[in-house]
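As structure tokens, the structure follows; a few thoughts come after it.
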Amino acid sequence: MIGEMYSGYLYMAIAIWIFSGLFNLGVDRTNYGQFEMKKEQKASTVLGWINLSLGILTFTGAMIIKLLV
1 MIGEMYSGYL YMAIAIWIFS GLFNLGVDRT NYGQFEMKKE QKASTVLGWI
51 NLSLGILTFT GAMIIKLLV
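So this is what it looks like as structure tokens:
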């Protein structure tokens, strides 16, 4: 019962968080560095790590809940 409390779109949200985090870290941060936009580069780095962390932590939590229930 607890494992069924989230919607079926959870794994899509996880994929979007991970992809957007990797995109921010790989593409945006590099482009901002080339144009010497330091504040935007720092913001892109922070948001990239936040998105990547949210995706990984949510995926791990969903797997743990799925195993326990």
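As numbered in UniProt numbering, residues 1 to 69 make up the sequence shown, in order.
By construction, the Cβ of each residue, glycine as well, lies at the ideal position given by its N, Cα and C atoms.
Please read all numbers here as calculations on a predicted model, not as lab measurements.
Query, Result
"Buried or exposed (CB count within 10 angstroms, at least 16 for buried), S44", "buried"
"C-alpha gap between Q34 and L47, whole angstroms", "19 Å"
"Span of the alpha helix (DSSP H) around F19", "10–23"
"Element boundaries [alpha helix (DSSP H), containing E40]", "38–68"
"Rounded separation between A62 and N24 - CA only", "24 Å"
"Neighbour-count burial assignment, I14, 16 or more Cβ in a 10 Å radius", "buried"
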